[in-house]
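Top line first, the protein sequences correspond to chains A and B. Numbering follows the numbering used here, in which position 344 of the first sequence is assigned residue number 861; successive positions increment by one, without gaps. Numbering follows the numbering used here, in which position 190 of the second sequence is assigned residue number 707; successive positions increment by one, without gaps.
2 protein chains.
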Amino acid sequence: MTAKANAIVAQSGGPTTVINSSVCGVVAQAIKSGKIDRVLGAQNGILGALREELFDITAESPDKIEALKRTPAAAVGSCRYKLKSLDESRADYERILEVFRAHEIRYFFYVGGNDSMDTADKVNKLAADSGYELVCMGVPKTIDNDLAFTDHCPGYGSVAKYVATCAMEASKDTEALYTTDTCTILEVMGRNAGWIAAATGLARRQPQDGPHLIYLPETAFSLEKFVADARAVLKEFGCIFIVAGEGLRDKNGDYITADAGSFGRDSFGHQQLGGVAEMLKAVIEKEIGVKARFNKLGTNQRSAMHFASLTDIEEAYLCGSTAVTQALQGQNGQMVTLLREPGQNYRCTTGLAPLADVANGEKLVPREFINDSENGITQAMKDYVTPLVQGQAPVEIGPDGLPVFMRFDKKLINKKLPKYI
Amino acid sequence: MTAKANAIVAQSGGPTTVINSSVCGVVAQAIKSGKIDRVLGAQNGILGALREELFDITAESPDKIEALKRTPAAAVGSCRYKLKSLDESRADYERILEVFRAHEIRYFFYVGGNDSMDTADKVNKLAADSGYELVCMGVPKTIDNDLAFTDHCPGYGSVAKYVATCAMEASKDTEALYTTDTCTILEVMGRNAGWIAAATGLARRQPQDGPHLIYLPETAFSLEKFVADARAVLKEFGCIFIVAGEGLRDKNGDYITADAGSFGRDSFGHQQLGGVAEMLKAVIEKEIGVKARFNKLGTNQRSAMHFASLTDIEEAYLCGSTAVTQALQGQNGQMVTLLREPGQNYRCTTGLAPLADVANGEKLVPREFINDSENGITQAMKDYVTPLVQGQAPVEIGPDGLPVFMRFDKKLINKKLPKYI
Numbered sequence: 518m519t520a521k522a523n524a525i526v527a528q529s530g531g532p533t534t535v536i537n538s539s540v541c542g543v544v545a546q547a548i549k550s551g552k553i554d555r556v557l558g559a560q561n562g563i564l565g566a567l568r569e570e571l572f573d574i575t576a577e578s579p580d581k582i583e584a585l586k587r588t589p590a591a592a593v594g595s596c597r598y599k600l601k602s603l604d605e606s607r608a609d610y611e612r613i614l615e616v617f618r619a620h621e622i623r624y625f626f627y628v629g630g631n632d633s634m635d636t637a638d639k640v641n642k643l644a645a646d647s648g649y650e651l652v653c654m655g656v657p658k659t660i661d662n663d664l665a666f667t668d669h670c671p672g673y674g675s676v677a678k679y680v681a682t683c684a685m686e687a688s689k690d691t692e693a694l695y696t697t698d699t700c701t702i703l704e705v706m707g708r709n710a711g712w713i714a715a716a717t718g719l720a721r722r723q724p725q726d727g728p729h730l731i732y733l734p735e736t737a738f739s740l741e742k743f744v745a746d747a748r749a750v751l752k753e754f755g756c757i758f759i760v761a762g763e764g765l766r767d768k769n770g771d772y773i774t775a776d777a778g779s780f781g782r783d784s785f786g787h788q789q790l791g792g793v794a795e796m797l798k799a800v801i802e803k804e805i806g807v808k809a810r811f812n813k814l815g816t817n818q819r820s821a822m823h824f825a826s827l828t829d830i831e832e833a834y835l836c837g838s839t840a841v842t843q844a845l846q847g848q849n850g851q852m853v854t855l856l857r858e859p860g861q862n863y864r865c866t867t868g869l870a871p872l873a874d875v876a877n878g879e880k881l882v883p884r885e886f887i888n889d890s891e892n893g894i895t896q897a898m899k900d901y902v903t904p905l906v907q908g909q910a911p912v913e914i915g916p917d918g919l920p921v922f923m924r925f926d927k928k929l930i931n932k933k934l935p936k937y938i
Numbered sequence: 518m519t520a521k522a523n524a525i526v527a528q529s530g531g532p533t534t535v536i537n538s539s540v541c542g543v544v545a546q547a548i549k550s551g552k553i554d555r556v557l558g559a560q561n562g563i564l565g566a567l568r569e570e571l572f573d574i575t576a577e578s579p580d581k582i583e584a585l586k587r588t589p590a591a592a593v594g595s596c597r598y599k600l601k602s603l604d605e606s607r608a609d610y611e612r613i614l615e616v617f618r619a620h621e622i623r624y625f626f627y628v629g630g631n632d633s634m635d636t637a638d639k640v641n642k643l644a645a646d647s648g649y650e651l652v653c654m655g656v657p658k659t660i661d662n663d664l665a666f667t668d669h670c671p672g673y674g675s676v677a678k679y680v681a682t683c684a685m686e687a688s689k690d691t692e693a694l695y696t697t698d699t700c701t702i703l704e705v706m707g708r709n710a711g712w713i714a715a716a717t718g719l720a721r722r723q724p725q726d727g728p729h730l731i732y733l734p735e736t737a738f739s740l741e742k743f744v745a746d747a748r749a750v751l752k753e754f755g756c757i758f759i760v761a762g763e764g765l766r767d768k769n770g771d772y773i774t775a776d777a778g779s780f781g782r783d784s785f786g787h788q789q790l791g792g793v794a795e796m797l798k799a800v801i802e803k804e805i806g807v808k809a810r811f812n813k814l815g816t817n818q819r820s821a822m823h824f825a826s827l828t829d830i831e832e833a834y835l836c837g838s839t840a841v842t843q844a845l846q847g848q849n850g851q852m853v854t855l856l857r858e859p860g861q862n863y864r865c866t867t868g869l870a871p872l873a874d875v876a877n878g879e880k881l882v883p884r885e886f887i888n889d890s891e892n893g894i895t896q897a898m899k900d901y902v903t904p905l906v907q908g909q910a911p912v913e914i915g916p917d918g919l920p921v922f923m924r925f926d927k928k929l930i931n932k933k934l935p936k937y938i
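Here it is, written out as C-alpha cells:
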C-alpha cells in the first residue's frame, strides 16, 4: 500500500443514534495511525461517491469530530441508492472506482447494513479485477439488528433502551387511565426482524406491567388470535398494552395492513390504510369495544440520542476504530463483527466476517426468544438484550436546556471528474 | 376545622410526567403539617370518590411516596368521568359529600385541569350549602398548558422539553436521509391549544434546523397554504420537517381530518381516517411528490419521565405542597397558580385563583407568540418556554439498565356505604 493514502467513509440507509460514533471511531483511529492522510466523507452515502461530492472530515474541527459521539442520525449524510449486481450496475461501480482513483482513496469504510456490505464487496472485487489497490472494510450499522455473523449491531442497543423505556412509560399512562383509554398500541420499527419489538419486553418486570402482548414479524399474525389474546389480558389486568412490529404478516406472508379483511375496514367498508398500530386500534375498538390509542415513534426511535445506551455508543466507536486498525494490518473485504465472550459478565470483543457472507445473511429473532403463545418474549431474549442497553450516554445540554448536536461544515472538495449523475 | 381531619387527593384526566410530583407535594406537606391525619387517595380520580374506592396514601411506604417524583402517569389512578352542573349531576355531588363525610374527609385536593376545578368548585359549594365543613383546593395539571390565571401548568415544561428534543432529533434524521425520505411530520398533542406544538420551535436554533414549519390549532389551517409553505422550505433547505398540533382546523373551525376534500382522499377516493400527521403526509406525497413519513408520539410525550424537566418536577411539587399550606392557612375554593416574577432571571412563585374562574377560562397561545406567516413561533414564545424546560430530573435506573417507577399497593379501605355506581 502507498505510504500515505486517503480514506473515504460513507454512511448508508436509515440513520441510527450511534452511526456517527462509528464514523468518529474511523476518523479518530485514522488520524491516530499516522498512516492515512485524509479521511474524506462521501456526502449522502454512496451518492457522494457517485457524484464526487466529498468533503474532508479531517479538516473539520476536532470538537465537531468528537461531538459525533453525541449526535444522532448521519452527520456525513445518507441515502437509499441501491446498487445491483456488478453486471447490472457496472457503470456505477466503475464510477465509484474512478472517483476513488481521482482522489487517491485507498481505504473505503462503509458503515451500513446488508446492502452496504454488498456494495463494498463489489467495489472491492472490481478494484482487484482492475488492479487498483483498495481496501474495503464494513462497519455494521442497523437498528434492526438483523445482520448475520455479529452478536448484535451498533444502533440496536440504543433503540432497544429507548423503546423499552417508552413502552414502560406509556404503559404507566394506560394503567392510570384504564377506566377510559383502556388499550394502547405502540408501533415500533422492524419490517422483517422483530428485534426492536422484542426489546420492549424488558419493560415487563411484573406480570401487571406492560407490554402485555408483543407481536413480532417472525411469527404468523392472526387477527382472531390477537383479539382473543387482548380479551384475556383485559380480563386479567383491566387494561391492555400492546407492542406491534411494523411488519406483521399473516400465515401466507402477506402484510396484515395490506388486506385486513373485514377487521381492517372502516364503517363504510373502506380498507384502512396507515400502519399496523392504527389498524389494530380499530380492531380492538370494534371487536372488544374499548377505546384504544396508538403511538408510532417513527424516526424518533432511531434518533433518541437523549437516552442512548452508553454500551452501544462505545461499541459503535469500537467497530469504526477496529475497521481502521484491521485495514492497516492487512485485512480486506471484511466487516467488523461484535463477539459476545462466554461467561456470566457481559464482555464484547470484535471479529471479522467476509463482506459477501454478511451481504447474503439475515438474522431474525430465534424461536427460543419468543414465548410459546407467540405474543411475548422469553427470559433468553431478556438475557440477550439487557447488557446492550446499559449505561447513559453523555448528553451535552445547551444554555436553552436542550441537547446540542453537531453539523459538519461540509466544504466540498474540488471535483476532478465530469458530472455523472 | 376539626383538630385532626383526613384529606383526600385525586388525579384527573390525561396523565402527565409530573402529576405524581404534585401528589407527593400534597402528601409530604400534609404529613409535615401534623394537622392532617391521613391522606386518602381516590382510586381513579373522582370515580374513586363516587365508588368509595379509597386507599391510605400515608400508609404506603415513605420510599413509594418519595418515588412519586420519579414516576410518570397517575399513580393514584385517573379517569375522564365528567360531572355536569349541580342540577344535572346532583346525585353524584351528593354522593361525593356522603363519602367524604363517611371517611371524615375535610380537605379535598384535586389535581387536574378545567373540568376538575369545576368539579372541586361545585363539591365545595354543595358542602357549604349543606353545612359540611370542607376545604377544596385545586392543583393545576395539564400538558396542554391551557389553564387561565397561571403563567404555565405543571406538566407542560416536561412535555415541552421532550417534544422539542424529539423534533431536534428527528430533524437530524430527516436532514441525513433527505435524498429519499425528504419530509417528516411530527404530530403532537393539543386539540385546542398549540402550546406543545409551539414548544418544538425551541429545536430550531439555526434556520436550517427543523422544525421548518409548525402549525397550531390557534390559526386557521389552509391545505393550499400548507403545500406552498412546504414547497418553499423544500426549495430552501432540501428537506422539510413539520410539526402539527393534533387539532388543526380550517377557517370554518372544522377539523381538517374530518373532511379534507380531495387532498385527504386516497387514490381510490376514500377519505383517509387517522390523525393530522398521516393526512398531511399523504398531501405532501401527492402534491409535492416527495416521500414523507410521520411520527406520532401519542401518550409517550406526556409520560417521558426519562427526560423530564427538573424545573417542572419541582414546580409540580410546589403546587401540591402549597395547596396544603394554603388550605391549612384558611384558604378555600382556590387553585394554586404559578406566577412568573418580573426580571431577567426566571423566578416562579405561587398565587391563588378562584376555582370557578379557572373552570371557565382557557389560555391559548397568544398571537404575538406565533409568527406572521402562521407557520412558526416568535422569539417571545421561545423566551416564554425556555425557562420551563431547564434541568434534568433524576432518573432511577434499575440493574436492568432501565428506569424504575413505583406502583402503590392501594390496599382499599373498608367501605362504609352502599354501592353507588
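Just so you know, even glycine gets a beta-carbon here, dropped at the ideal spot from N, CA and C.
Item	Value
With DSSP collapsed to three states, give me the class of Ala720 of chain A.	helix
Within the continuous alpha helix (DSSP H) that includes Asp746 of chain B, where are the two ends?	740-754
Quick one: grab the DSSP three-state call for Val535 of chain B.	coil
Which bits of chain A does Cys683 of chain B rub up against, with CB to CB less than 7 Å?	Asn817
Kindly list the residues whose CB is nearer than 7 Å to the CB of Glu692 of chain A, restricted to its own chain and excluding five residues on each side of it in sequence; keep chain order.	Cys756
Out of B:Gly530, B:Gly542, B:Thr534, B:Ser529, state which residue places its alpha-carbon closest to the alpha-carbon of Gln843 of chain B.	B:Gly542
At a Cβ cut of 9 Å, what residues of the segment 718-746 of chain B count as close to chain A, listed as they run along the chain?	Leu719, Ala720, Arg722, Gln723, Gln725, Asp726
Under the rule that 16 or more other beta-carbon atoms within 10 Å means buried, what is Leu703 of chain B, buried or exposed?	buried
What residues from the segment 832-858 of chain A come within 8 Å of chain B, judged by C-beta to C-beta, listed N to C?	none
What does a CB cutoff of less than 7 Å around Leu733 of chain A pick up in its chain, not counting 5 residues either side in sequence?	Gly711, Ala714, Ala715, Gly762, Val882, Ile887
Closer than 9 Å by beta-carbon distance: list the chain A residues that pair up with Asn812 of chain B, in chain order.	Lys813, Leu814, Gly815, Thr816, Asn817, Gln818
Could you pull the DSSP bridge partners for Glu704 of chain B from this structure?	B:Ala761, B:Lys813
Mind checking who Cys865 of chain B pairs with in its DSSP beta bridge?	B:Arg857
Would you kindly work out how many angstroms separate the C-alpha atoms of His823 of chain A and Leu919 of chain A, rounded to a whole number?	9 Å
Counting only beta-carbon separations shorter than 8 Å, does Arg612 of chain B have a partner in chain A?	no
Going by CA-CA distance only, name the one from A:Val540, A:Ser595, A:Arg810 that's closest to Gln560 of chain A.	A:Ser595
So what's Ile574 of chain B in DSSP terms, helix, strand or just coil?	helix
Quick one: any contact between the segment 809-827 of chain A and the segment 904-924 of chain A, if contact means 3 or more CB pairs under 8 Å?	yes
Residues of chain B with CB under 8 Å from Lys678 of chain A, in chain order?	Gly918, Leu919
The segment 689-701 of chain A: which residues have C-beta closer than 9 Å to a C-beta of chain B, in chain order?	Lys689, Asp690, Thr691, Glu692, Ala693, Leu694, Tyr695, Thr696, Thr697, Asp698, Thr701
What did DSSP end up calling Phe626 of chain B once you bin it into helix, strand or coil?	strand
Interface residues of chain B around Thr588 of chain A at Cβ under 9 Å?	Lys689
Arg748 of chain A versus chain B: which residues are under 8 Å apart at the beta carbon?	Correct list: empty, because the minimum Cβ distance to chain B is about 22 Å.
Below 8 Å on C-beta distance, what does Gln907 of chain B contact in chain A?	Gly918
Among A:Leu797, A:Arg857, A:Gln896, A:Ser838, which residue has its Cα nearest to the Cα of Ala745 of chain A?	A:Leu797
What three-state label does DSSP hand Leu585 of chain A in the structure shown?	helix
What residues from chain A crowd round Arg623 of chain B, counting only those whose CB sits closer than 8 Å?	By Cβ distance, chain A contributes nothing, its closest Cβ being about 26 Å from Arg623 of chain B, past 8 Å.
Nearest-angstrom Cα distance between Glu686 of chain B and Cys836 of chain B?	32 Å
In chain order, what residues of the same chain lie with their CB nearer than 8 Å to the CB of Arg864 of chain B, ignoring the 5 residues before and after it?	Arg857, Glu858
Alpha carbon to alpha carbon, what distance is there between Glu611 of chain A and Asp646 of chain A?	11 Å
Of all the CB atoms in chain B, is at least one closer than 8 Å to the CB of Leu564 of chain A?	yes
Would you say Asp926 of chain B reaches chain A, if we count a Cβ-Cβ gap shorter than 8 Å as a contact?	no
Going by DSSP, what residue range makes up the beta strand (DSSP E) through Gly655 of chain A?	652-657
Any C-beta of chain B within less than 9 Å: which residues of the segment 571-602 of chain A qualify?	Thr588, Pro589, Ala590, Ala591, Ala592, Val593, Gly594, Ser595, Cys596, Arg597, Tyr598
By DSSP, does Tyr732 of chain B sit in helix, in strand, or in coil?	strand
On the DSSP letters alone, give me the boundaries of the alpha helix (DSSP H) that Val800 of chain B sits inside.	793-804
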